[in-house]
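Visitor:
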Amino acid sequence: MRIGKSHTDAASVRTAYPIPAACGLYYFEVKIISKGRDGYMGIGLTHTNFKMNRLPGWDKQSYGYHGDDGNSFCSSGNGQPYGPTFTTGDIIGCGVNLVDNTCFYTKNGHHLGIAFRDLPPRLYPTVGLQTPGEVVDANFGQEPFKFDIEDMLKELRAATKATIYNFPLPDDQGDWTVILHKMVSSYLVHHGYSSTAETFAKTTGQGLQEDMTSIKNRQKIIKLVLSGRMGQAIEQTIRLYPGLLESNQNLLFMLKCRQFIEMVNGSDFDLGTPSSRTSPVQTSVIQSTKSYQNGNTIIPDNGDNQGYLKNNVLSNNTSNNNGNCIEDDYSNDVEMENGHSNNSATNGYKNGTANRTTNTTNESVEEEEEDVDTGRDEDMDVDSSLSPNCKSTSATAKSGVERMLEFGRELFQMSQRLEKEHGVNETNQKMLEDAFSLLAYSNPWASPLGWQLCPSRREAVCAALNSAILESMNYSWRPPLEVCIAHACELLRLMSSSSLGACAFVSVDDILAQHQQH
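For the sequence shown, counting from 1, position 164 maps to 164 in full-length UniProt numbering; every step adds exactly one.
(1) Kindly indicate the opening and closing residues of the beta strand (DSSP E) around residue 147.
(2) Which full runs of the beta strand (DSSP E) of 3+ residues lie inside the segment 25-63, going along the chain?
(3) So what does DSSP say about residue 114, is it helix, strand or coil?
(4) Can you find the residues in the same chain that come closer than 7 Å, C-beta to C-beta, to residue 118, ignoring five residues on each side of it along the sequence?
(5) Helix, strand or coil for residue 109, going by three-state DSSP, please let me know.
(6) So residue 93 is in the alpha helix (DSSP H); what residue range does that whole segment cover?
(7) Looking at residue 460: is its Cβ nearer than 8 Å to the Cβ of residue 244?
(8) Under a Cβ-count criterion, where at least 16 other Cβ atoms within 10 Å of its own Cβ denotes burial, should residue 191 be classed as buried or exposed?
(9) Does the Cβ of residue 51 have 16 or more other Cβ atoms within 10 Å, making it buried, or fewer, making it exposed?
(10) Please name the residue, chosen from 195, 228 and 483, that lies closest to residue 212 on a Cα-to-Cα basis.
(11) Thinking just about the alpha-carbon of each residue, which of 489, 501, 484 and 429 is nearest to the one in residue 180?
(12) Leaving out the 5 sequence neighbours to the left and right, which residues in its chain are closer than 8 Å to residue 148 when beta-carbon positions are compared?
(13) Whose C-alpha, out of 481, 475, 498 and 482, is nearest the C-alpha of residue 214?
(14) Excluding the five sequence neighbours on either side, which residues of its own chain have a C-beta within less than 6 Å of the C-beta of residue 236, listed in chain order?
(15) Which runs of the beta strand (DSSP E) spanning at least 3 residues fall entirely within the segment 449-495, listed in chain order?
(16) Rounded to whole angstroms, what is the Cα-Cα separation between residue 25 and residue 477?
(17) Which of helix, strand or coil does DSSP assign to residue 248?
(18) Please look up how many angstroms separate the CB atoms of residue 61 and residue 120, rounded, as I've assumed it's under 8 Å.
(19) Are residue 39 and residue 68 touching if we call contact CB-CB under 8 Å?
(20) Considering just the uninterrupted stretch of the alpha helix (DSSP H) at residue 267, what are its terminal residues?
(21) Tell me, to the nearest whole angstrom, how far the beta carbon of residue 96 is from that of residue 169; I am working on the premise that it is less than 8 Å.
(22) For residue 444, which of helix, strand or coil comes out of DSSP?
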């Protein structure tokens with residue numbers, strides 16, 4: 001008997017991973033490089049338990065289209081007429097529609113129709129050969145397909161969306177327009193859009209669940225948080241909602257961690273003169289040492305005649321003489337002295353004069369220093385031309401740094417107390433470590449942890465505080481509109497994990513975008 005004439009001479013190869021249900025439509029092509037002696041080739045799908053010494057389609061839970069006779073084989077050695085035979089030079093495609101669980105084949109770009117129905121999940125693309133000289137080349141998308149699969153994808157997307165849009169609404173829920181109006185209204189109220197909520201309520205003829213004064217109070221706190229003024233936000237919350245933060249210590253800890261970050265960012269300090277508070281320029285308490293060149297102070301001009309603080313950070317090589325460290329692990333991150341250091345640093349400031357460079361020291365901070373080692377031969381005399389306003393700014397710099405470090409110590413003590421009372425909270429611990437680590441960098445914005453300084457990071461803190469306030473007043477911590485959207489997203493996730501392929505052709509964002517266009 002010649003080799004390849006017996007079924008025992010067959011062998012198959014399959015992919016390492018099964019077809020993912022979330023893809024919705026799966027397709028691959030196989031080019032017949034050579035049909036070999038007899039062209040006993042099979043292209044199809046197999047289950048994980050399929051024996052690889054058989055052609056696909058012969059055994060249980062395997063499906064194949066064979067080239068020698070054009071028959072389709074569905075878990076049986078007995079084939080059914082399906083399509084034409086294929087030989088050298090032909091390109092055979094195999095597609096799986098995971099929406100209706102069907103399998104189809106193509107030949108040289110032409111659709112041959114559905115071959116198998118009611119397919120089980122987790123099937124593997126498989127190719128089997130039997131006679132000598134058979135050579136094939138599989139294409140899983142690394143090269144353009146012969147068959148136009150994009151048109152089929154568009155059809156499936158359109159059909160899935162049509163199913164959603166045409167889904168009948170239940171009649172026992174009342175007027176859906178009124179329900180939707182209430183959902184929109186509750187969303188506006190929840191997020192503190194007081195004016196819009198009031199206008200929307202009048203337009204749709206409905207009342208507001210929450211008192212307008214209460215909405216505006218929350219709106220005020222929301223604005224403070226989103227602008228980085230955490231200290232004022234905490235004070236307002238305590239004043240307007242007494243007992244809320246005292247009973248929710250983890251929330252208070254989150255707010256204070258954010259306040260520390262805003263101190264580093266320069267948003268939570270009121271360090272300048274009254275007119276400098278309105279300046280759009282934001283400066284960190286920590287200033288990059290690049291601002292200091294050879295011990296000189298760069299004095300930029302912004303024309304506002306105000307001493308705007310650009311605070312200094314000393315080299316990590318300096319010693320901490322006053323012992324102001326938050327904890328041992330952070331003692332080497334950055335050291336800021338009350339009056340003595342091995343290196344000199346000066347405070348930059350803005351005034352109404354032209355840009356210039358002067359040899360200065362912080363007279364109000366280090367006026368008693370007489371033997372500062374600057375690594376330079378020049379004298380360190382104070383420039384007598386400095387105005388009292390500039391000297392006041394230097395004192396403000398020292399005050400701001402000391403306040404930040406003192407706040408850090410209090411924050412660390414709070415974390416120790418919470419850990420003692422409630423055990424280790426990994427979220428709080430990570431939050432504190434990330435916040436304190438900003439002190440290790442002269443330019444925290446460019447550091448690996450600089451993402452904390454991004455204004456968008458305030459939004460999560462704002463949402464947590466806003467939800468806690470609403471819960472304290474017996475309102476929902478999350479508006480129904482957001483609950484519905486989250487529910488829809490979770491359903492799509494469950495569809496994917498349950499091998500329901502329709503989830504691949506729709507997303508909540510697509511649906512919302514479609515309605516916005518109309």
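Don't be surprised by glycine CBs; every beta carbon is placed ideally from N, CA and C.
Note that the coordinates shown come from a computational prediction; the quantities given were computed from them, not determined experimentally.
Guide: The relevant details are as follows:
(1) Position 147 of the sequence shown, counted from the first residue, corresponds to residue 147. Per DSSP, residue 147 belongs to no beta strand (DSSP E) and is neither H nor E.
(2) Within the segment 25-63, the complete beta strand (DSSP E) runs of at least 3 residues are 25-35 and 41-46.
(3) Locating residue 114 in the sequence shown gives position 114, where the first residue counts as 1. In the three-state reduction of the DSSP assignment, residue 114 falls in the strand class, which pools E and B.
(4) The residue you call residue 118 lines up with position 118 of the sequence shown. Taken in chain order, the residues that qualify are 101.
(5) The residue labelled residue 109 in the question sits at position 109 within the sequence shown. In the structure shown, the three-state DSSP call for residue 109 is coil.
(6) What you label residue 93 is simply residue 93 of the sequence shown in a count that begins at 1. Premise fails: residue 93 lies in the beta strand (DSSP E), 91-97, not in any alpha helix (DSSP H).
(7) Translated into positions along the sequence shown, residue 460 becomes position 460. Translated into positions along the sequence shown, residue 244 becomes position 244. No, these two residues do not count as a Cβ contact at 8 Å.
(8) Residue mapping note: residue 191 aligns to position 191 of the sequence shown, counting from 1. Burial call: buried.
(9) Working through the sequence shown from its first residue, we reach residue 51 at position 51. Exposed.
(10) Within the sequence shown, the letter at position 212 stands for residue 212. Residue nearest to residue 212 within the set 195, 228 and 483 is 195 (criterion: CA-CA distance).
(11) Position 180 of the sequence shown, counted from the start, is the residue given in the question as residue 180. For the options 489, 501, 484 and 429, the alpha carbon positioned closest to that of residue 180 is the one of 484.
(12) Here residue 148 corresponds to residue number 148 of the sequence shown, with the count starting at 1. Taking residue 148 as the centre and dropping the five residues before and after it, the same chain places the C-beta of 109 closer than 8 Å to its C-beta, in chain order.
(13) Mapped onto the sequence shown, residue 214 falls at position 214. Of the candidates 481, 475, 498 and 482, 475 places its Cα closest to the Cα of residue 214.
(14) Working through the sequence shown from its first residue, we reach residue 236 at position 236. 221, listed in sequence order.
(15) Runs of the beta strand (DSSP E) inside the segment 449-495: none found.
(16) By one-based count along the sequence shown, residue 25 stands at place 25. By one-based count along the sequence shown, residue 477 stands at place 477. The alpha-carbon atoms of residue 25 and residue 477 are separated by roughly 39 Å.
(17) Position 248 of the sequence shown holds residue 248. Looking at residue 248 - three-state DSSP - the assignment turns out to be coil, as it is neither helix nor strand.
(18) Your numbering for residue 61 matches position 61 in the sequence shown. Your numbering for residue 120 matches position 120 in the sequence shown. That belief holds up - the Cβ atoms of residue 61 and residue 120 are roughly 6 Å apart, short of 8 Å.
(19) Looking up residue 39 in the sequence shown gives position 39. Looking up residue 68 in the sequence shown gives position 68. Using a Cβ distance threshold of 8 Å, residue 39 and residue 68 count as a contacting pair.
(20) For the purposes of this step, residue 267 is taken as the residue at position 267 of the sequence shown. Note, residue 267: premise wrong, no alpha helix (DSSP H); not H, not E.
(21) Position 96 of the sequence shown holds residue 96. Position 169 of the sequence shown holds residue 169. Contact check for residue 96 and residue 169: beta-carbon distance about 33 Å, past the 8 Å limit, so the pair fails to qualify.
(22) As a position in the sequence shown, residue 444 is number 444, starting the count at 1. In the structure shown, residue 444 sits in a helix (DSSP, three-state: H, G or I).
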